[in-house]
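Shown next, in structure tokens, is the structure this report addresses.
Protein chains: 2
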Amino acid sequence: MPGSSERGPRERMVFSAAQLIRRDGVAATGMREVAEHAGAPRGSLQHYFPGGKRQLVGEAVDWAGRYAGNRVARFLAELSRTGTPTPSGLFAAMVRQWTEEYEAGGYGTGCPVAAATVECAATDADTRRAAATAFATWTAPVAAALTDMGVPAARAASLATLMISALEGAILIARAEQDSRALTTVVAELAPLLDGAAGAG
Amino acid sequence: MPGSSERGPRERMVFSAAQLIRRDGVAATGMREVAEHAGAPRGSLQHYFPGGKRQLVGEAVDWAGRYAGNRVARFLAELSRTGTPTPSGLFAAMVRQWTEEYEAGGYGTGCPVAAATVECAATDADTRRAAATAFATWTAPVAAALTDMGVPAARAASLATLMISALEGAILIARAEQDSRALTTVVAELAPLLDGAAGAG
DNA sequence: GGGCCGCTATGACGGCTGTCATAGTAGCGC
DNA sequence: GCGCTACTATGACAGCCGTCATAGCGGCCC
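Residue numbers (the numbering used here), protein chains in the order written: chain A, 508 to 708; chain B, 508 to 708.
Structure representation (structure tokens):
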């Protein structure tokens, strides 16, 4: 979780927005609260984000998508150091990030892209589009990794979508239950399917 | 989608709350809006729901959980009329409910339990618990159906969690993309895994 | 020094929110 | 009629929201 204090105030506000949206959702996250959380002056809000809350939320969603995509590369590098990366190993690493966070710090946070989708998809076309591209920039490196592991390109895209769908849903259930059971379940159940696709088409 | 006008005003308000939460989320759904949508007098709100918005949201989530659970029985009955129900067939029916709604009426609505989880899990313990039991009352009949199809009890619970996780996540992606692709993808990719578990443990 | 520009500060505005207080109505038992 | 109960009606309240207007500061450039 980078970028807490070194970056400029603008980036800090985007980061803080993502963090607060993760916890409370979009509507319950106020602009004043974002500025305060970022340690940024309130007057900077209308300066850096003349598009208002929509723009801030949009950039937070973009940031989250990029962050998730970059994490995939990190997981792959880590897996390559220990051995040969497998689809199930990648998925396990993606899920483990959540189980560790939950079991260490409580179940207070979720996925900001999911929050933006749930709250804004029906009324705000721009935010909805931002969420869609966030999912895309997250899915793409996963699919690329799967093809590198021997999964045919067509299947790789489908499996990447399945992985992220299962992860997002399990995050929801885990938060509701305050138990990481759903997360560990999906990784266990999906493992043979994922690895089975790596061998042959 | 039952219960629109015949039931009493109390049930209509719970139903309307669920419907509005599905579309706009919890925070963006006002009590006055719920009463108006239900065609119920505003004064009835504090009469039927002395616990305020929390109570109304909680009952809406309960209702949604029961509704989803009952749908499973409906799907099974339908599948039994055409032939022998299979795990993949049940999952396909559960997902098809969403693809049909989306392709017919647009991508304006999601799962109210997901919305309640995303927006309230961090701050409202009662609503979070309601969401957890809603997931439970939805998962239980799915798991029971899988055991009836020959899946060992232990696996059945895990697969039911996987099915609902994948469905919830795919709903998110489909709403963001305004495309049912993610939904059809998860049902296609999960089918062999689900049916493979029915044969032998 | 004057002018410009990036950034900050602050207060006000209208609007909507959930909640409460209070009063009022309809119906039914007696 | 009286009283009780279920339900409705309405207005007020404080609080927070996003947004805007306006002014002030600090520094760099010419």
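C-beta: ideal position from N, C-alpha, C; glycine also. Here the structure is a predicted model, which is why all the values come from computation and not from measurement.
Could you pull out every residue in the same chain whose Cβ sits closer than 8 Å to the Cβ of residue i, ignoring the five residues on either side in sequence?
| i | result |
| --- | --- |
| M520 (chain B) | V541, A542, A545, A547, S551, L552, Y555, F556, L563 |
| S687 (chain A) | W605, T606, Y609, E610, A681 |
| E675 (chain A) | C618, A621 |
| W570 (chain B) | V521, F522, A525 |
Which residue's Cα is closest to the Cα of residue i: the options?
| i | options | result |
| --- | --- | --- |
| A638 (chain B) | B:L679, B:P619, B:G703, B:G515 | B:P619 |
| L586 (chain A) | A:G576, A:A704, A:M601, A:Y574 | A:M601 |
| F709 (chain B) | B:D633, B:T668, B:R578 | No answer is possible for residue 709 (chain B): the residues shown for chain B start at 508 and end at 708. |
| A689 (chain B) | A:R578, A:S665, A:Q685 | A:S665 |
| A632 (chain B) | A:G532, A:A683, A:R517 | A:A683 |
| G657 (chain B) | B:A534, B:P594, B:R517, B:G590 | B:P594 |
| T640 (chain B) | B:A599, B:L700, B:V568 | B:V568 |
| G615 (chain B) | A:C627, A:Y614, A:G613 | A:C627 |
| A673 (chain A) | A:A661, A:N577, A:V694 | A:V694 |
| G612 (chain A) | A:Q685, A:T634, A:N577 | A:Q685 |
| R635 (chain A) | B:R514, B:R573, B:D531 | B:D531 |
| W645 (chain B) | B:V579, B:P516, B:R514, B:F598 | B:V579 |
Looking at the unbroken alpha helix (DSSP H) that takes in residue i, where does it start and where does it end?
| i | result |
| --- | --- |
| E614 (chain A) | Reading the sequence as shown, one finds Tyr at residue 614 (chain A) and not Glu. No alpha helix (DSSP H) holds Y614 (chain A); DSSP gives it neither H nor E. |
| Q562 (chain A) | 559-589 |
| A689 (chain B) | 688-706 |
| L533 (chain B) | For the sequence presented, residue 533 (chain B) should be read as Val rather than Leu. Where V533 (chain B) is concerned, there is no enclosing alpha helix (DSSP H), given that its DSSP letter is neither H nor E. |
| Q553 (chain B) | 551-555 |
| M656 (chain B) | Looking at the DSSP string, M656 (chain B) is not in any alpha helix (DSSP H), and its letter there is neither H nor E. |
Distance check for residue j and residue i, CA to CA, integer angstroms please.
| i | j | result |
| --- | --- | --- |
| F536 (chain B) | A652 (chain B) | The residue asked about is misnamed: residue 536 (chain B) is Thr in this sequence, not Phe. Each residue's Cα considered, the two are about 35 Å apart. |
| T624 (chain A) | Q526 (chain A) | 16 Å |
| R561 (chain B) | R529 (chain B) | 16 Å |
| A629 (chain B) | P592 (chain A) | 35 Å |
| I671 (chain B) | I678 (chain B) | 10 Å |
| P509 (chain B) | G596 (chain B) | Note that P509 (chain B) has pLDDT 45, beneath the 50 cutoff, so the model's placement of it is unreliable and no number is given. |
| E696 (chain B) | R549 (chain B) | 48 Å |
| E518 (chain A) | A704 (chain A) | 40 Å |
| P648 (chain B) | L701 (chain B) | 16 Å |
| R588 (chain A) | G590 (chain B) | 51 Å |
| A709 (chain B) | G706 (chain B) | Past the boundaries of the shown model lies residue 709 (chain B); chain B is included only from 508 to 708, so the question cannot be answered. |
| G576 (chain B) | A534 (chain A) | 29 Å |
| R573 (chain A) | G558 (chain B) | 41 Å |
| R603 (chain A) | F598 (chain B) | 26 Å |
| G515 (chain B) | A661 (chain A) | 51 Å |
If I measure Cβ to Cβ from residue i and keep anything under 7 Å in the same chain, skipping five residues before and after, which residues do I get?
| i | result |
| --- | --- |
| A663 (chain A) | A650, L653, T654 |
| E566 (chain B) | V521 |
| T691 (chain B) | T606 |
| R539 (chain B) | R549 |
| F582 (chain B) | L597, A600, M601 |
Can you find the residues in the same chain that come closer than 6 Å, C-beta to C-beta, to residue i, ignoring five residues on each side of it along the sequence?
| i | result |
| --- | --- |
| A698 (chain A) | S595 |
Contact residues within the stretch 653-681 of chain A, judged by C-beta distance below 7 Å to chain B: So the close ones are S665, L666, T668, L669, I671, S672, A673, L674, E675, G676, A677, L679, I680.
Positions along the stretch 682-703 of chain B whose CB lies within less than 8 Å of some CB in chain A: Listed by position, the residues of the stretch 682-703 of chain B near chain A (Cβ gap below 8 Å) are R682, A683, E684, Q685, R688, A689, T692, V693, A695, E696, L697, P699, L700.
Contact residues within the stretch 619-642 of chain B, judged by C-beta distance below 7 Å to chain A: Cβ proximity to chain A below 7 Å picks out A621, A622, T624, V625, E626, A628, A629, T630, R635, A638, A639, F642 from the stretch 619-642 of chain B.
Interfacial residues, the stretch 564-575 of chain A to chain B, with Cβ spacing under 8 Å: Residues of the stretch 564-575 of chain A with a C-beta atom less than 8 Å from some C-beta of chain B do not occur.
Residues of the stretch 529-543 of chain A with Cβ closer than 7 Å to any Cβ of chain B, in chain order: Result list: R530, D531, G532, A534, A535.
Chain-ordered residues of the stretch 602-614 of chain A with a beta carbon less than 8 Å from chain B: Within the stretch 602-614 of chain A, the qualifying residues are Y614.
Short-range partners of chain B found in the stretch 541-562 of chain A, where Cβ spacing is below 7 Å: Here the close residues number zero.
Contacting positions in the stretch 587-598 of chain B - beta carbon closer than 8 Å to chain A: From the stretch 587-598 of chain B, no residue has a Cβ closer than 8 Å to chain A.
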